[in-house]
Amino acid sequence: MKAFTSSSSFLPPPSSSSSSSLLLLSSFLYPSFSHILYPFLLLLLLLLLLLLPSSSSSPPLILHANSSMQSLTAEIQSFSRSRLRKQCTRVTSLSGRRIIETWKGSTITVVEDPVPTERILGYVSHILNVAFGVENVFPDLFIYKTVSILDHPDADVLLHLTDVCSFIQQAHSE
341 MKAFTSSSSF LPPPSSSSSS SLLLLSSFLY PSFSHILYPF LLLLLLLLLL LLPSSSSSPP
401 LILHANSSMQ SLTAEIQSFS RSRLRKQCTR VTSLSGRRII ETWKGSTITV VEDPVPTERI
461 LGYVSHILNV AFGVENVFPD LFIYKTVSIL DHPDADVLLH LTDVCSFIQQ AHSE
């Protein structure tokens, strides 16, 4: 059997132990990740020890690293689906349709949200339309003020300022 030698400064000296050989190999493969890889390998080794079948004469192997690990284990063992609270999510589609998704356990219920039209619109009553060539879509529902202003450096915005300000004041007063 041929020994592996390297002149790299990040490799620890070789050892006869299999775990240090594993760490030596991990340091060689990923020298910049060794600070992350060492705890991961230790955790992997502990999991392998837990998953190995034990003989019928000896009790199962239970490892507790510290009190936080014990409390996590107790919390996982005491988990109950019946204690989960119901979760409701309101979804509004692009068309304005509103639905309520309710999760209880592993089932989902979808119900359309019956919201009156006034509430969907919120507090919008006036719309100032300053886009060139865009028509007023809902003239029956809103009060519109249309000012066609080109998006150009030569466009004089000050010409429309007094009309726009009076429209905004009217919207605030109502």
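Numbering (our numbering), first residue to last: 341 to 514.
All C-beta atoms in this analysis are idealised placements derived from N, C-alpha and C, irrespective of residue type, glycine included.
Quick check on this structure: which residue in the options has the alpha carbon closest to the alpha carbon of residue i?
i	options	result
residue 489	435, 498, 471, 454	471
residue 422	435, 447, 485, 380	447
residue 442	493, 499, 424, 384	424
residue 466	513, 497, 491	513
residue 444	453, 507, 491, 427	427
residue 506	492, 485, 389, 480	485
residue 473	491, 389, 480	491
Could you tell me the distance, in whole angstroms, from the CA atom of residue i to the CA atom of residue j?
i	j	result
residue 417	residue 386	19 Å
residue 451	residue 439	6 Å
residue 469	residue 487	6 Å
residue 346	residue 414	Because the pLDDT at residue 346 is just 42, under 50, the model does not fix this residue reliably, and the value given afterwards should be weighed accordingly. If I take the Cα positions, the gap works out to 47 Å.
residue 412	residue 419	11 Å
residue 384	residue 410	18 Å
residue 433	residue 382	48 Å
residue 494	residue 501	16 Å
residue 503	residue 483	14 Å
residue 380	residue 477	60 Å
residue 464	residue 449	32 Å
residue 475	residue 430	31 Å
residue 436	residue 453	11 Å
Classify residue i as buried or exposed, calling it buried when 16 or more other Cβ atoms lie within 10 Å of its own Cβ.
i	result
residue 404	Because residue 404 carries a pLDDT of 49, less than 50, the predicted location of this residue cannot be relied on, and no value is offered for it.
Got a sec: does the ligand COA put a non-hydrogen atom nearer than 7 Å to the Cβ of residue i?
i	result
residue 379	For the structure depicted, the ligand COA is absent and the ligand set is empty, with no information on it obtainable.
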